[in-house]
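Chemist: Just passing along the structure, written as structure tokens.
Numbering (my numbering), first residue to last: 50 to 1010.
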């Protein structure tokens, strides 16, 4: 992966040289920049059944909606019944004045900064909120298994479906998979989804956001189907070197009886060729689950690695009576993993030093509601630094991140959030393993991070149980825990894991290895050094820390020293740098006004700091690299000393200022060459040598005042599905076209045929809004994230302007594309839960109603369902109280009865408003006058002898016009 300055926006320009003449090229020991990574067709994965996005058309209310206080006999009785939730959880609740939005959504990043809020959450208020959505299910969906999956909700959540509680969740990082089949309504009788989110509880000491911040899916499956996360396909190699693929399919069946089925599995290679197949008979019991198992032999598969991420896919199909009823397509990869206590980590029997970074999940502009394409962007940034691994700190990652890691060749340490083996939290751990165990990128599970009980017998017993739960679901990967003390106690967690994770404490590596020579060891977290991007002189009064790697934390180390401690010890399998990117919250070592961290090798936007290029030079071995730090634009500092560093994998480096030799230095890769150079405007140039031959060059030049803007999109093509997004880099240029690294000026943006979903600049002290159309450059850079509109095509144009500067424009091609989605459902009122009198022989008074404490003389009836015929016939009353939606209350509306079986009269608040005299079944519409407050509707219907009667279709409240 070759890097150029324009793409990674560094203040130096690294150029590889071929021969003494310095002609551009990248030939070093036969390596070629092109072809360093192999490219494969993107695998087309498929979840079981028909999976439809439910991201569109939600209504949102920031703040809690208190439930009404329950009073009286009838209300108390009804409140305890299924489907009778009150307040904003009720299907009849009026949300017409709520904000309409699409998911994913993080409401916290939309809010202001507040000094009185928690610094760990980025000084932003969290609070509570509600989401609601209507859902229409086709009558053809009857008999199918129907489920809704919320990818994640921050933090605690309760979900109601049609007025019944269907889920409680106590973590902001796990998915909710909800079977809605028994609650579902079909046709015009709409379904109601309501979600109450409480983001005040904290699970972490970093920014966690608030809201439904991952995707929501509706899945429709046959009665006999593959269960959620129901395919496990993890390749195995035996002692003779032979590969097999065990496939386990978990089947569900909502039908009334057990069903005989066949399960077929096909293995497809990276180019789409079927290279293995098998079938097995199975029985799916009614309202239960069963497993179907088969094993495929695989001859000489292409191995997955960080340099050659060869992905296979597994097609799992369920056949019933010769008919295909369900199919899932999952990814897999063939590779071996081994930790050696003396020699470290081996991937495919080859030693591989883990060069990892820790990542939280928020990004500039969008908070934790990260678009799918941004996960790909972030991992490409990480891999460009030379990293080969990511630790998901400290929670289950988005599934889209894991799919990107599989494709790009990034190892993943998948970490559990809550250290607790009690049933609620054990289910979270088990869900994590089931969801993620097919990903070849995952090479380690972690059960916790830095727990106070890690050096105790209780902690040991807790970990034993959690490790056992992991092994029951996946015995192919080792388990670790990130420990920051206690590993020398008589009983401690290190005795219960496969690989011991050290957070910091490099002074204890040797002792632990000497006392436990058979226990593999790695650094699960290290460094924790502070840097502010673009700042080269520390000023603690302004919460600024220089990025020259001289600001370690009290518990950590500089980047250079931390890596040296690990690189020189073969028994330390590798490291996970804290952190890969900055993140909101935890603004150590400062407090207000700093609102995000200083730890990252990149800032919150993914713009590199000096640490990025330092580790790139240390970690990439197969091509020459050379960068200079800092920039060379220091007006007012003429003649003053500036520390200059060369970040390189060359053997020696020669530095010149304006053509004059400063000196030539040998390279210590753990320290890197540095010079103290009196500042003089002009050109600073370095040349790297290997074996006495020049192999690389880096140049920085003094920039003049900014005269123009430049926009550089990460990608130039978007899909017009309303989901695809791309970050765009904003820079200021001088008259010679050079980036001005000291520019700090306001920029405004305009977008056509798309939208801006977030803005950032990487400044941890900046309090500008992250939504809108304006952002200031910070030390020469800002970022705008643009997203396509749903159903769009053509060209997305982004224009940037700043006072006194020439504006800039960039264009992204928008290609037609779509994501299968459940359409927005207009939030109309369906009057469905009626109280119904007994059939009377004489015409009753329409004002008749049961006593509030009478729970038995009247029954319940739903519109769309007829009652059995009465042998004699007579009259029946249906009665319902409801509050119309605000639009109807203000302007009036219509009551539309889709099908009344006989003559009927309609009363609203005791006034007759419509009548149907025809005995034949038919529709009836009644006017509903504008009025505030609750309304009472009564239907007085004539019942013919022996004929089913009632409201045979939905009763809908429509707006006028």
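Virtual Cβ for every residue (Gly too), placed ideally from N, Cα, C.
Predicted model, so just to flag it, every value in this text is computed and none were measured.
(1) Quick check on this structure: which residue in 523, 509, 525, 132 has the alpha carbon closest to the alpha carbon of residue 532?
(2) Are the Cβ atoms of residue 804 and residue 779 separated by less than 9 Å?
(3) In whole angstroms, what is the alpha-carbon distance linking residue 105 and residue 654?
(4) Take every Cβ of the stretch 203-215, pair it with every Cβ of the stretch 108-121, and state whether three or more of those distances are shorter than 8 Å.
(5) Could you tell me whether the stretch 175-186 touches the stretch 274-287, where touching means 3 or more Cβ pairs closer than 8 Å?
(6) Please name the residue, chosen from 466, 724, 598, that lies closest to residue 608 on a Cα-to-Cα basis.
(7) Any chance the stretch 945-953 sits against the stretch 902-910, with 3 or more Cβ pairs inside 8 Å?
(8) For residue 669 and residue 696, I'd like the C-alpha separation in whole angstroms.
(9) Considering only the beta carbon of each residue, do residue 550 and residue 578 sit closer than 9 Å?
(10) Quick check on residue 961: does DSSP put it in helix, strand or coil?
(11) Which whole runs of the beta strand (DSSP E) in the stretch 862-929 are 3 residues long or more, in chain order?
(12) I'd like to know if residue 768 contacts chain C, where contact means its C-beta is closer than 9 Å to some C-beta of that chain.
(13) Hey, how far is the Cα of residue 286 from the Cα of residue 451?
(14) For the stretch 86-151, list the beta strand (DSSP E) runs that are entirely contained and at least 3 residues long, ordered along the chain.
(15) Is the CB-CB distance between residue 571 and residue 624 below 9 Å?
(16) For residue 376, collect the residues of the same chain with a Cβ closer than 6 Å to its Cβ; drop the 5 residues on either side in sequence, then sort them by chain order.
(17) Taking only runs of the alpha helix (DSSP H) that begin and end inside the stretch 427-483, which ones reach a length of at least 4 residues, in chain order?
(18) Is residue 611 closer than 9 Å to residue 555 when the C-beta atoms are compared?
(19) Using only the alpha-carbon positions, how far apart do residue 318 and residue 764 sit?
(20) Name the residue from 652, 739, 686, 831 whose alpha carbon lies nearest to the alpha carbon of residue 671.
(21) Does residue 867 pass the burial test, meaning 16 or more other C-beta atoms within 10 Å, or should it be called exposed?
(22) Is residue 70 helix, strand or coil when you go by DSSP?
(23) Tell me which residue opens and which closes the beta strand (DSSP E) that residue 608 is part of.
(24) Between residue 747 and residue 405, what straight-line distance do the alpha-carbon atoms span, to the nearest angstrom?
(25) Skipping 5 residues on each side, what residues in its chain have a beta carbon closer than 6 Å to that of residue 71?
(26) Evaluate residue 128 with the Cβ neighbour count: other Cβ atoms within 10 Å of its Cβ, from every protein chain shown; 16 or more gives buried, anything less gives exposed.
(27) Let me make sure I understand the geometry here. Which of 525, 923, 835, 980 has the alpha-carbon closest to that of residue 421?
(28) Grab the span of the beta strand (DSSP E) containing residue 542 for me, first residue to last.
(29) Just the C-alpha distance for residue 627 and residue 706, rounded to the nearest angstrom, thanks.
(30) Is it the case that the Cβ atoms of residue 460 and residue 433 are separated by a distance below 9 Å?
(31) Looking at residue 789: is its Cβ nearer than 9 Å to the Cβ of residue 849?
(32) What does DSSP give as the partner residues of residue 845 in its beta bridges?
(33) Taking all protein chains shown into account, do 16 or more other C-beta atoms lie within 10 angstroms of the C-beta of residue 576, making it buried, or fewer, making it exposed?
(34) Using the beta-carbon count (16 or more within 10 Å), is residue 88 buried or exposed?
(35) Does residue 373 pass the burial test, meaning 16 or more other C-beta atoms within 10 Å, or should it be called exposed?
(36) In chain order, what residues of the same chain have a beta carbon less than 8 Å from the beta carbon of residue 544, not counting five sequence neighbours either side?
Modeler: Straight from the coordinates:
(1) Counting from 1 along the chain shown, the entry for residue 532 is found at position 483. It is 509.
(2) By 1-based counting over the chain shown, the position of residue 804 is 755. By 1-based counting over the chain shown, the position of residue 779 is 730. Not a contact, by the Cβ cut-off of 9 Å.
(3) Against the chain shown, residue 105 aligns to sequence position 56. Against the chain shown, residue 654 aligns to sequence position 605. Rounded to whole angstroms, the gap between the alpha carbons of residue 105 and residue 654 is 27 Å.
(4) They do not touch, by the three-pair rule.
(5) Not touching, per the Cβ criterion.
(6) The residue labelled residue 608 in the question sits at position 559 within the chain shown. Nearest C-alpha to residue 608: 598.
(7) Remark: fewer than three beta-carbon pairs, one from each stretch, lie closer than 8 Å, so the stretch 945-953 and the stretch 902-910 are not flagged as touching.
(8) The residue given as residue 669 occupies position 620 in the chain shown. The residue given as residue 696 occupies position 647 in the chain shown. C-alpha separation (whole angstroms): 12 Å.
(9) By one-based count along the chain shown, residue 550 stands at place 501. By one-based count along the chain shown, residue 578 stands at place 529. For residue 550 and residue 578, no; Cβs fall outside 9 Å.
(10) For the purposes of this step, residue 961 is taken as the residue at position 912 of the chain shown. Note: residue 961 maps to strand in three-state DSSP.
(11) Along the stretch 862-929, the beta strand (DSSP E) occurs as fully enclosed runs of 3 or more residues at 882-885, 908-911, listed in sequence order.
(12) This model lacks chain C altogether, as it is built from one protein chain only.
(13) To locate residue 286, count along the chain shown from 1; it is residue 237. To locate residue 451, count along the chain shown from 1; it is residue 402. A direct Cα-Cα distance of roughly 23 Å separates residue 286 from residue 451.
(14) Entirely contained in the stretch 86-151, the beta strand (DSSP E) runs reaching 3 residues are, in chain order, 99-102, 107-111, 148-150.
(15) Numbered from its first residue, the chain shown carries residue 571 at position 522. Numbered from its first residue, the chain shown carries residue 624 at position 575. Yes, these two residues count as a Cβ contact at 9 Å.
(16) Locating residue 376 in the chain shown gives position 327, counting from the first residue. If we look at residue 376 and ignore the five residues flanking it on each side, its Cβ neighbours are 366.
(17) The DSSP assignment places complete alpha helix (DSSP H) segments of no fewer than 4 residues inside the stretch 427-483 at 448-457, in order along the chain.
(18) As a working mapping, residue 555 is identified with position 506 in the chain shown. As a working mapping, residue 611 is identified with position 562 in the chain shown. Yes, the Cβ-Cβ distance between residue 555 and residue 611 is below 9 Å.
(19) Counted from its first residue, the chain shown places residue 318 at position 269. Counted from its first residue, the chain shown places residue 764 at position 715. The straight-line gap separating the alpha-carbon atoms of residue 318 and residue 764 is approximately 28 Å.
(20) If you number the chain shown from 1, residue 671 lands on position 622. The shortest C-alpha separation from residue 671 is found at 739.
(21) Here residue 867 corresponds to residue number 818 of the chain shown, with the count starting at 1. Exposed is the call here.
(22) Position 21 of the chain shown, counted from the first residue, corresponds to residue 70. Low confidence applies here, because residue 70 scores a pLDDT of 29, under 50, leaving its location unreliable; read the following figure in that light. The answer is coil: DSSP assigns residue 70 none of H, G, I, E or B.
(23) For the purposes of this step, residue 608 is identified with residue 559 of the chain shown, where counting begins at 1. Note, residue 608: premise wrong, no beta strand (DSSP E); alpha helix (DSSP H) at 608-616.
(24) The count along the chain shown starts at 1 and reaches residue 747 at position 698. The count along the chain shown starts at 1 and reaches residue 405 at position 356. Approximately 26 Å between the Cα atoms of the pair.
(25) In the chain shown, residue 71 corresponds to position 22, counting from 1. Low confidence applies to residue 71: its pLDDT is 31, below 50, so where it sits in the model is not reliable enough to give any reading.
(26) Residue mapping note: residue 128 aligns to position 79 of the chain shown, counting from 1. Residue 128 should be labelled exposed.
(27) Here residue 421 corresponds to residue number 372 of the chain shown, with the count starting at 1. Closest option to residue 421, Cα to Cα, is 835.
(28) Taking the first residue of the chain shown as 1, we reach residue 542 at position 493. Per DSSP, residue 542 belongs to no beta strand (DSSP E) and is neither H nor E.
(29) The residue given as residue 627 occupies position 578 in the chain shown. The residue given as residue 706 occupies position 657 in the chain shown. Residue 627 and residue 706 have their C-alpha atoms roughly 35 Å apart.
(30) Counting from 1 along the chain shown, the entry for residue 460 is found at position 411. Counting from 1 along the chain shown, the entry for residue 433 is found at position 384. The answer is no: Cβ separation not under 9 Å.
(31) Residue 789 sits at position 740 when you count from the first residue of the chain shown. Residue 849 sits at position 800 when you count from the first residue of the chain shown. Result no, Cβ atoms of residue 789 and residue 849 do not sit closer than 9 Å.
(32) As a position in the chain shown, residue 845 is number 796, starting the count at 1. When DSSP reads this structure, residue 845 sits in a beta bridge with 861.
(33) Along the chain shown, one-based indexing puts residue 576 at 527. Burial call: buried.
(34) The residue labelled residue 88 in the question sits at position 39 within the chain shown. With fewer than 16 neighbouring CB atoms inside 10 Å of its own CB, residue 88 falls in the exposed class.
(35) Sequence index remark: in the chain shown, residue 373 carries index 324 (1-based). Under this definition residue 373 is an exposed residue.
(36) Residue 544 sits at position 495 when you count from the first residue of the chain shown. Within its own chain, the residues whose Cβ lies closer than 8 Å to the Cβ of residue 544, once the five positions on either side in sequence are excluded, are 509, listed in chain order.
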